[in-house]
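Peer 1: Chains as they are written, first to last, in this note's numbering: chain V, 116 to 372; chain B, 10 to 435.
Even for Gly, the Cβ is constructed at its ideal location relative to N, Cα and C.
The model shown is predicted, which means the values in this text are computed figures rather than measured ones.
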C-alpha cells in the first residue's frame, strides 16, 4: 500500500507543473472571455449563464479538457522517451498492478482538480460579471445582480449540469463518464504500445456511449423525450472495469515495454 | 516543498473534494434564499389559519414548493433532471379537447342531416407509443340550425368531459338551437386500435346514464342550454342554463339517478345584456371541486374597463344539491390570468387568483412579460376579510426579457421562467 501511495504521488508530481498551469488557465480564461463579451451591449441583457455560453467559455472549457487528456497521454508516453523509465518502472520491486493503478488514480485526481478549478472559475466569473447585467426597475435601467443569482445560474446552466449533477441519476452518470474517459485514454495508449489495435473497438464503443449520454443530458430539459441514463451508466461502468482488467493484463504481461 | 511534492496527489485531491463538496452544499443551502413571503394587504393573516395553502413556483430547472400553514411559510426545492420531472403547465387549447391524467380526450360531433353523432377519441400521452382509443354513437339530439359546415356549442369541449375513477363521462354542450333529447353518457370502454373500424363495437362502449329533454327549446318555455359537466367526488354535476337561470343538477355516477337540483334565482345567463349592468354571467366558468362541494366562479359582463366582476357560487353535494354560499366579488388587483383554487371551509370562502398587470397601465409589449401577482382572498358572509399577496422574486426572470430587443417577435419557452403552478388550498 505504501509503495502504491509513493508511486501515486510520484506519477502526480510528474504532471504537477503542467496541471498547475492548466488549472490556472481554467481559473482566469473565463474572466478574459467574459470581459470581451460583456462589451457587446446585446449580451448584458441576458442571464449570466447565457452570457457565459455566449462568451465562448464553454468551448474554452472543452479545449482545456482536451489539453488535460493530452497531459495524460504525454505522461504515459514520457516513460518511453529518452531515459525509457518504463524499464525502471517495470523492474521496481512493486506489484505491476500498482504501477497501472497509481497512474490511473493520479489521472483521476487530476480530473478532480480540473472540476474543482472550473467550479471556482465559474463562481469567480459570476462575481465579476453578474453586476454587469442590466435590469429595469420602475422604468429605470440599472446594473445589478439578480436575487440569488449565483444559485439560479448554477442550476440553470445546462453545461454546469454535467459537472454539478442535480440528482442521484445525473451524479452517477457524470461520475461514470469521467472514470470511463480516463480508463479509455490509458487503455488506448497501452493498446498502441503493445500493438493490439483491436482494443480500439472498445474505446470507440465507450466514446459513442459517452457522446450519446452527454448530448442527451445537455438537452434533457428542453425535449420531452425521456431517456433513463442508468442503463448507460451501468454499461459504461462495466466497460470501464473491463478496460481496467484488460489494461492490467497488458501491464502484467510486460507487453507494453 | 519537497515534502509537499511527496504528498501532492493527496493535497490536490483533498482540496478538490473540499471545493466540490462546498459548492454542492452551497447550492442546496442557497436554494432557501429565494424571496417568498405573504404580505397582508387587508385583514389579518389569522384568517388563513383554517386552511393549508400549498403550491409550486417552478421553471424547468427547479421547483420551489411552498406551504403556508398558520401564517408560517415553509419551502423546499427540487431539481429537474429530465423534462418529465418538470411540473406541466395546465393549459387549455381552444377546441382541442381536454387532457385528464395525461390522456388527451377529444369530443367531435358529426351530423347526419340534422341528427347529431358524437365521437370521443382518447390518446394516451403517458406511454412512449401513443395508444389510441375511440367510442362513437348516435345521439337523439337534433340541430335546428345546422347548415352543412359549422356548428356552435356553449363552451369549449373541455367543459363537456369529466372523469371519475378512470371512467370518462360526457354530455353535449347544446345551445338553444338544439332540440331532441340530450343526456349524460359514460364511456364504458374505448375501442382499441384493432377494433377501431368496427362501428358496432365502438357504439356498445357508450352507456347513457340519464337523459333530459331539449324540446323546450322549440316551444320557448324552459329553454335549456348545457354549460358543462363536472365530477364532485363520485357524483356528477350538470351545469345548465334554463330560461336564463343557472341550474345545477346532481347525478349519481353509477345509476344516473337525479340526486337534486338547485336554481340560482338571481342569476342571468342571457347573452344579450344590453345595458352591461354587470348582472349577466358568461358561460365559461371556473370550477373547483372536493369530495362534497362544487365551487363555481362566473364572470359577469360589464362595460367598465379593468374591472372584473365575478360571482362565486358554492354548492354542497352531500345530500342532494344545496346552495351554501354565493358572493359577488370584484377583482381589481390586475387582469385575472388564472383562478388556481376556490375552497369553502367552515362557512368561509377562500380563493387563490393569479393576476397580471393591466394592459392599460403597462408599457410592456408582450402579454406574457407583464408582472404577475398571486393573491389570496378570504370571504366570510358577504365581506372580504383577508387579502394577501404572495411576494416572490419571480419577476426578475421576465425583467431581463423586457430589457432585450426582441425585434418585433418574442419566441419563448414559458418553462424558462419561474411561474406558479398547482396552487391548492385544503
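Please classify residue 297 (chain V) as buried or exposed, where buried requires at least 16 other C-beta atoms within 10 Å of its C-beta.
Peer 2: By the neighbour-count rule (16 or more Cβ atoms within 10 Å), residue 297 (chain V) is buried.
Peer 1: Flag this pair as yes or no: are the beta carbons of residue 166 (chain V) and residue 239 (chain V) separated by less than 8 Å?
Peer 2: Cβ distance not < 8 Å, so residue 166 (chain V) and residue 239 (chain V) don't count as in contact.
Peer 1: Just the chain V side, please: which residues come within less than 7 Å of residue 405 (chain B) by C-beta, in chain order?
Peer 2: Simply 261, 262.
Peer 1: Residues of chain V with a CB under 7 Å from the CB of residue 91 (chain B): which are they?
Peer 2: Under the 7 Å cutoff, chain V gives 335, 341.
Peer 1: Leaving out five residues before and five after residue 394 (chain B) in sequence, what residues of the same chain have Cβ atoms less than 6 Å from its Cβ?
Peer 2: Here the set comprises 52, 56, 387.
Peer 1: Can you list, in chain order, the residues of its chain whose CB lies under 7 Å from that of residue 356 (chain V), leaving out five sequence neighbours each side?
Peer 2: Closer than 7 Å at the Cβ level, and outside the excluded window around residue 356 (chain V), lies no residue.
Peer 1: Tell me, please, whether the stretch 260-268 of chain B touches the stretch 313-324 of chain B by the rule of three or more beta-carbon pairs shorter than 8 Å.
Peer 2: Judged by Cβ distances under 8 Å, the stretch 260-268 of chain B makes no contact with the stretch 313-324 of chain B, as fewer than three pairs qualify.
Peer 1: What would DSSP say about residue 422 (chain B), mapped onto helix, strand or coil?
Peer 2: Coil at residue 422 (chain B), not helix or strand.
Peer 1: Would you report the Cα separation of residue 432 (chain B) and residue 182 (chain V), rounded to the nearest angstrom?
Peer 2: Between residue 432 (chain B) and residue 182 (chain V), the C-alpha separation is close to 50 Å.
Peer 1: Could you compute how far the alpha carbon of residue 198 (chain B) sits from the alpha carbon of residue 128 (chain B)?
Peer 2: Spanning the two alpha carbons is a distance of roughly 13 Å.
Peer 1: Pull up the distance between the alpha-carbon of residue 73 (chain V) and that of residue 75 (chain B), whole angstroms please.
Peer 2: A question about residue 73 (chain V) goes unanswered here, because the residues of chain V that appear run from 116 up to 372.
Peer 1: Can you check whether the C-beta of residue 153 (chain V) is within less than 8 Å of a C-beta belonging to chain B?
Peer 2: No, because no Cβ of chain B sits closer than 8 Å to the Cβ of residue 153 (chain V).
Peer 1: Would you call residue 104 (chain B) buried or exposed, if buried means 16 or more other Cβ atoms sit within 10 Å of its Cβ?
Peer 2: Residue confidence is low: residue 104 (chain B) scores 49 on pLDDT, short of 50, so the model does not pin down where it sits. No coordinate-derived value is stated.
Peer 1: Taking the alpha carbon of residue 82 (chain B) as the reference point, which residue from B:399, B:346, B:407 has its own alpha carbon closest?
Peer 2: The option with the nearest alpha carbon to residue 82 (chain B) is B:399.
Peer 1: Which residue's Cα is closest to the Cα of residue 320 (chain V): V:336, V:303, V:365, V:153?
Peer 2: Among V:336, V:303, V:365, V:153, the Cα nearest to that of residue 320 (chain V) belongs to V:303.
Peer 1: Under 8 Å between C-beta atoms, does residue 43 (chain B) make it to chain V?
Peer 2: Yes, residue 43 (chain B) lies at the interface with chain V (some Cβ there is under 8 Å from its Cβ).
Peer 1: Where DSSP assigns a beta bridge to residue 280 (chain V), which residues make up the other side?
Peer 2: For residue 280 (chain V), which the question treats as bridged, DSSP gives no partner whatsoever.
Peer 1: Roughly how many whole angstroms lie between the Cα atoms of residue 119 (chain B) and residue 159 (chain B)?
Peer 2: In a straight line, the C-alpha of residue 119 (chain B) is about 10 Å away from that of residue 159 (chain B).
Peer 1: With a cut-off of 8 Å on the beta carbons, I'd call residue 215 (chain V) and residue 363 (chain V) a contact; round off their distance for me.
Peer 2: About 6 Å; that satisfies the 8 Å criterion.
Peer 1: Name the residue from B:168, B:273, B:183 whose alpha carbon lies nearest to the alpha carbon of residue 162 (chain B).
Peer 2: Considering only alpha carbons, the answer is B:183.
Peer 1: On a CA-only basis, which of B:307, B:289, B:288 is nearest residue 296 (chain B)? Give me that one, please.
Peer 2: Nearest C-alpha to residue 296 (chain B): B:307.
Peer 1: With a threshold of 6 Å on Cβ separation, who are the neighbours of residue 149 (chain V) within its own chain once the five nearest residues in sequence on each side are excluded?
Peer 2: Same-chain partners within the cutoff: 170, 240, 244.
Peer 1: Taking the C-alpha atoms as reference points, what is the distance between residue 340 (chain V) and residue 151 (chain B)?
Peer 2: When rounded, the distance between both Cα atoms is 44 Å.
Peer 1: CB residue 249 (chain B) to CB residue 259 (chain B), shorter than 8 Å?
Peer 2: No.
Peer 1: Does DSSP put residue 134 (chain B) in a helix, in a strand, or in coil?
Peer 2: Coil at residue 134 (chain B), not helix or strand.
Peer 1: Let me know if residue 89 (chain B) comes out buried or exposed under the rule of 16 or more other beta-carbons within 10 Å of its beta-carbon.
Peer 2: Result: buried.
Peer 1: Beta carbon of residue 409 (chain B), beta carbon of residue 162 (chain V): below 8 Å?
Peer 2: In contact: residue 409 (chain B) and residue 162 (chain V) (Cβ atoms closer than 8 Å).
Peer 1: Does chain B have any CB closer than 8 Å to the CB of residue 270 (chain V)?
Peer 2: Yes, contact with chain B.
Peer 1: Taking the alpha-carbon positions, what's the residue 373 (chain B) to residue 379 (chain B) distance?
Peer 2: Near 6 Å, if we compare the C-alpha coordinates of residue 379 (chain B) and residue 373 (chain B).
Peer 1: How about the stretch 300-314 of chain V and the stretch 183-198 of chain V: do they share at least three Cβ pairs that are nearer than 8 Å?
Peer 2: They touch, by the three-pair rule.
Peer 1: Residues in the same chain with beta-carbon distance under 6 Å from residue 360 (chain B), minus the five sequence neighbours each way, listed in chain order, please.
Peer 2: 351, 386, listed in sequence order.
Peer 1: With respect to the alpha helix (DSSP H) encompassing residue 337 (chain B), which residues constitute its N-terminal and C-terminal limits?
Peer 2: Per DSSP, residue 337 (chain B) belongs to no alpha helix (DSSP H); it is in the beta strand (DSSP E), 331-340.
Peer 1: Give me the Cα-Cα distance between residue 348 (chain V) and residue 333 (chain V), rounded to the nearest whole angstrom.
Peer 2: Spanning the two alpha carbons is a distance of roughly 16 Å.
Peer 1: Which runs of the beta strand (DSSP E), 3 residues or longer, sit entirely within the stretch 140-179 of chain B?
Peer 2: Runs of the beta strand (DSSP E) inside the stretch 140-179 of chain B: 140-152, 170-173, 176-179.
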